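Data block below; observations after.
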DNA sequence: GTGATTTACTTTCGCTGCGAAAGAATCGTG
DNA sequence: CACGATTCTTTCGCAGCGAAAGTAAATCAC
């Protein structure tokens, strides 16, 4: 009655679909659920009863609907008991581990970070277990852990290859699981962010959805029919071979004129440094470009055109209903958004539907939140597989 | 018992799924069907019985399976009675109407063509009705008509806009239906070809599938989850704004360096004519390029690189399990296939899964066959909507 | 206020369609 | 010919759904 089920596995298919609908799409009345799931009103009474009795759902007060014009018996919205259990999400970078605690709804209730001093798998697992213990003190009822790592991850458990950690076939999930006793999911960081946005973010309820991340590298995630399309090369190497302009700049990472060379933050900084002799942060470069300083302006303009081309190609070929730009490098949109949009329009059919483009600056805690969503999925779907 | 049902509508959902599986994937035993549809053996007996009794399916002799090593009771394959009814498919071009008669399996059993002397909607409908009457003489039991037209088609019934026919909002389906008394579906020609390949061709059983046609223009069709993604711009204008090389050739049709300018047959002929002063057919140009004549070779080489870039972009962003190149312009692959493949590889991640690429030269009767598949779909699914 | 109306939810009942399990049919093998 | 293997059929029970009738709780009309 009071403690939440350890898993949603015992739920029937119908019950689970109701629970997921409520989880993802906020409080919903039974009638509304019946419409969305194409079920009869009677079925909804039947399906929701055990969910409420098990403490998974609860009836909430009508959240002050101002439009009280409707007559008839007021509806009784149902909501998940989001605070009944918590989830941990970690993002492992070269020199730091970022952690967040979230509710079942994926709302972040605490954040944390600790320096990573060793790349030894056991010591990394130790650090993750320590951070888990610290966070567990203030947030009991932890239901699972999600870990996002840049690199190739196999079976949502083993880090197949991670260049920046110098790892190969490290069973990270098992290492952390035996230290914490909690279910652990490990996933590629971009994949985790994509799942999070698909379930709780910009891609909610969409059939075709794309996430493009700009940061230290380029990330790409395609969601079709609510499921992320897995692909072999999500090994931190996206965009190195997407040639956008064969005459584009040559940078240490990525082929000449590739998306990485034109857009990734290190490449932008490299280009400006090579041209001006001064090393500046990404934000400084954007500010300088905005202020009209020639070289940064040229580099940023070229990047904006590249981004426009990239988005246009994605829109033309994958036909998503929405494209989300995320990562630390989307500040580009604030400075050169118009150039991006003009470039997109120029490379799209005039009659084509405009691409809904959403921008979301993400920091490392957002990546950690993405990983936490994987833990939520495991609890809800009862499997580590998507 | 002998005549086939006028529609599959009275079938239950389970029965229809069985019928479609058999229709699309050849003769299948009940056990095999049970595996594919994830149903029990008992359910299959129940579902197939009424289908056989209504004459829709029949038990066929085990088609001489050479591998008789298996012991146990032999399986009893079921197949649709493909010859029980016929379907008509038409492809309307500027000066000619092509027609085919197909079985339920979409095997062409007759083909036909007649010159189109007028673009008046009523006269075009008259001609289609005449051709239908002729073909009906030798092929009774016609169950439906599909018509493929270049241009924008709305609701699978009305030609919203067709530049080459100078039509606007012509209710072609109704015009032909009142003359023939048969159910009629009208669809964009590329869309029809895509549906045909999805159901009975290269895209059979695939979840993500792309068709790229090269002909008088460029056509593109994306199939996700077995369904074609409809899009607004399939108005014969695909690829005019897909800029592949900003410094590419300028042609009468399409933006500079666009897919249309680089690949479409008229653009290739235009480029060679402009450079050499001689007008030649597409096939002559391919032959000349193959023989080493400089200008045609350069144009063809540039086209091959463009096609490679295009395919790589499609593979990178839409991640299809297969790409089908169709149309009259795929002869390019025979002459410069290696260049295309090299270009694809260069713009794909080295670890990425190779793109299964299939080539299919299509003539106008293949386009007509595509339209006939739409008529099959209507009978089978019971609706004009996909 | 008081009853009519509207909307939301619950209860009951019967039916569809599935799987499990046992049985029948039909082949190879020893 | 007996035996096991494999496919198909039959029987039975049950989960899960919708239809329809009933109940609850609000507004509206007077």
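Residue numbers (my numbering), protein chains in the order written: chain S, 1 to 386; chain B, 387 to 772.
Backbone N, C-alpha and C define an ideal beta-carbon position, used for all residues, glycine too.
Here the structure is a predicted model, which means the values were calculated and not measured.
Q. Are there three or more Cβ pairs, one per stretch, closer than 8 Å when the stretch 695-705 of chain B is compared with the stretch 665-676 of chain B?
A. no
Q: Give a yes or no on whether the minimum CB-CB distance between residue 702 of chain B and chain S is below 8 Å.
A: By one-based count along the second chain, residue 702 of chain B stands at place 316. Chain S contact via Cβ: present.
Q. Per DSSP, which one or two residues make a beta bridge with residue 544 of chain B?
A. For the purposes of this step, residue 544 of chain B is taken as the residue at position 158 of the second chain. In DSSP, residue 544 of chain B forms a bridge with B:540.
**Q.** Extent of the continuous alpha helix (DSSP H) run through residue 630 of chain B
**A.** The sequence position of residue 630 of chain B within the second chain is 244, counting from 1. Per DSSP, residue 630 of chain B belongs to no alpha helix (DSSP H) and is neither H nor E.
Q: Taking only the alpha-carbon atoms, compute the straight-line gap between residue 1 of chain S and residue 103 of chain S and give it to the nearest angstrom.
A: Within the first chain, the letter at position 1 stands for residue 1 of chain S. Within the first chain, the letter at position 103 stands for residue 103 of chain S. Any reading at residue 1 of chain S needs caution, since the residue's pLDDT is 38, under 50, leaving its predicted position unreliable; the model's value is listed next. Their backbone Cα atoms lie some 19 Å apart in a straight line.
Q) Taking only runs of the alpha helix (DSSP H) that begin and end inside the stretch 166-236 of chain S, which ones reach a length of at least 4 residues, in chain order? A) 172-180, 189-200
Q. Under 8 Å between C-beta atoms, does residue 615 of chain B make it to chain S?
A. Looking up residue 615 of chain B in the second chain gives position 229. Answer yes: the Cβ-Cβ gap between residue 615 of chain B and chain S drops below 8 Å somewhere.
(Q) Suppose only complete runs of 3+ residues qualify. What are the beta strand (DSSP E) ranges in the stretch 324-386 of chain S, listed by chain order? (A) 357-361
Q.
Cβ closer than 8 Å: which chain S residues qualify as neighbours of residue 730 of chain B?
A. By one-based count along the second chain, residue 730 of chain B stands at place 344. In chain order: nothing, as chain S lies at least about 11 Å away.
**Q.** Within the stretch 451-516 of chain B, ranges of the beta strand (DSSP E) (whole runs, at least 3 residues)
**A.** 464-466, 472-478, 482-488, 494-501
Q) How big is the Cα-Cα spacing for residue 355 of chain S and residue 321 of chain S? A) Residue numbering aside, residue 355 of chain S sits at position 355 when the first chain is read from its first letter. Residue numbering aside, residue 321 of chain S sits at position 321 when the first chain is read from its first letter. Spanning the two alpha carbons is a distance of roughly 7 Å.
Q) If you drop the 5 nearest sequence neighbours on each side, which residues of the same chain put their C-beta closer than 7 Å to that of residue 17 of chain S? A) Along the first chain, read from residue 1 onward, the residue named residue 17 of chain S stands at position 17. Taken in chain order, the residues that qualify are 37.
**Q.** Within chain S, partners of residue 347 of chain B - CB distance below 7 Å
**A.** Any question about residue 347 of chain B goes unanswered here, given that chain B covers just 387 to 772.
Q) According to the neighbour-count rule (16 or more other Cβ atoms, all chains shown, within 10 Å of its Cβ), is residue 482 of chain B buried or exposed? A) Within the second chain, numbered from 1, the residue matching residue 482 of chain B stands at position 96. Residue 482 of chain B is exposed by the Cβ-count criterion.
Q. What residues in its chain sit with their C-beta under 7 Å from that of residue 583 of chain B, if we drop five residues either side in the sequence?
A. As a position in the second chain, residue 583 of chain B is number 197, starting the count at 1. Only 589, 597, 710 meet the Cβ criterion.
Q) Would a check of beta-carbon distances place residue 319 of chain S closer than 8 Å to chain B? A) Position 319 of the first chain, counted from the start, is the residue given in the question as residue 319 of chain S. Chain B, which has a Cβ nearer than 8 Å to the Cβ of residue 319 of chain S, makes this yes.
Q) Closest to residue 615 of chain B by CA distance: which of S:224, S:259, S:233, S:299 is it? A) Walking along the second chain from the start, residue 615 of chain B turns up at place 229. Checking every option, the nearest Cα to that of residue 615 of chain B belongs to S:224.
**Q.** Beta bridge counterpart(s) of residue 149 of chain S as assigned by DSSP
**A.** Here residue 149 of chain S refers to the residue found at position 149 when the first chain is read from its first residue. According to DSSP, residue 149 of chain S bridges with S:92, S:188.
Q: May I have the straight-line CA-CA distance separating residue 40 of chain S from residue 475 of chain B, to the nearest angstrom?
A: By one-based count along the first chain, residue 40 of chain S stands at place 40. By one-based count along the second chain, residue 475 of chain B stands at place 89. About 42 Å.
Q: Can you check DSSP and say which residues form a bridge with residue 322 of chain S?
A: For this step, residue 322 of chain S is matched to residue 322 along the first chain. Its beta-bridge partners are S:209.
Q. Is it buried or exposed for residue 647 of chain B, if we count other Cβ within 10 angstroms and need 16 for buried?
A. As a position in the second chain, residue 647 of chain B is number 261, starting the count at 1. Counting Cβ neighbours within 10 Å, residue 647 of chain B comes out buried, since at least 16 surround it.
Q | Sequence-distant residues of the same chain with beta carbon closer than 8 Å to residue 681 of chain B, five excluded per side | A | The residue you call residue 681 of chain B lines up with position 295 of the second chain. Within the same chain, residue 681 of chain B has close Cβ partners 658, 661, 662.
Q: Check residue 444 of chain B in the structure and name its three-state DSSP category.
A: Translated into positions along the second chain, residue 444 of chain B becomes position 58. Of the three classes helix, strand and coil, the one that applies to residue 444 of chain B here is strand, per DSSP.
Q: May I have the straight-line CA-CA distance separating residue 3 of chain S from residue 429 of chain B, to the nearest angstrom?
A: Locating residue 3 of chain S in the first chain gives position 3, counting from the first residue. Locating residue 429 of chain B in the second chain gives position 43, counting from the first residue. Confidence is the limiting factor: at residue 3 of chain S the pLDDT is only 47, short of 50, which leaves the residue's position unreliable and the question unanswerable from this model.
**Q.** residue 207 of chain S and residue 226 of chain S closer than 8 Å at C-beta
**A.** Start at 1 with the first residue of the first chain, and residue 207 of chain S comes out as number 207. Start at 1 with the first residue of the first chain, and residue 226 of chain S comes out as number 226. Contact flag set, yes.
Q. Are the stretch 360-375 of chain S and the stretch 399-418 of chain B touching by the rule of at least three beta carbon pairs closer than 8 Å?
A. no
Q.
Run through the DSSP bridge pairs and tell me what residue 28 of chain S is partnered with.
A. Counted from its first residue, the first chain places residue 28 of chain S at position 28. Residue 28 of chain S is bridged to S:78.
Q) Buried or exposed: residue 77 of chain S, going by 16 or more other Cβ atoms within 10 Å of its Cβ? A) Translated into the one-based positions of the first chain, residue 77 of chain S becomes position 77. Burial call: buried.
Q. Can you tell me whether DSSP reads residue 398 of chain B as helix, strand or coil?
A. Here residue 398 of chain B refers to the residue found at position 12 of the second chain. Coil at residue 398 of chain B, not helix or strand.
Q) Would a check of beta-carbon distances place residue 400 of chain B closer than 8 Å to chain S? A) Residue 400 of chain B sits at position 14 when you count from the first residue of the second chain. Taking Cβ atoms only, chain S never reaches closer than 8 Å to residue 400 of chain B, which makes this a no.
Q: Compare the C-beta of residue 222 of chain S against all C-beta atoms of chain B and say whether one is closer than 8 Å.
A: Taking the first chain and counting its residues from 1, the one referred to as residue 222 of chain S is at position 222. Answer yes: the Cβ-Cβ gap between residue 222 of chain S and chain B drops below 8 Å somewhere.
Q. Looking only at C-alpha atoms, which of S:180, S:188, S:57, S:168 sits nearest to residue 119 of chain S?
A. One-based indexing of the first chain puts residue 119 of chain S at position 119. Per the Cα distances, S:168.
Q. Would residue 576 of chain B be called buried (16 or more neighbouring beta carbons within 10 Å of its own) or exposed?
A. Looking up residue 576 of chain B in the second chain gives position 190. With 16 or more Cβ atoms within 10 Å of its Cβ, residue 576 of chain B is classed as buried.
(Q) Between S:146, S:79, S:121, S:248, which has its C-alpha nearest residue 99 of chain S's C-alpha? (A) Position 99 of the first chain, counted from the start, is the residue given in the question as residue 99 of chain S. The shortest Cα separation from residue 99 of chain S among S:146, S:79, S:121, S:248 belongs to S:146.
Q: Report the three-state DSSP secondary structure of residue 20 of chain S (helix, strand or coil).
A: As a first step, residue 20 of chain S must be located in the first chain, where it is residue number 20. Of the three classes helix, strand and coil, the one that applies to residue 20 of chain S here is helix, per DSSP.
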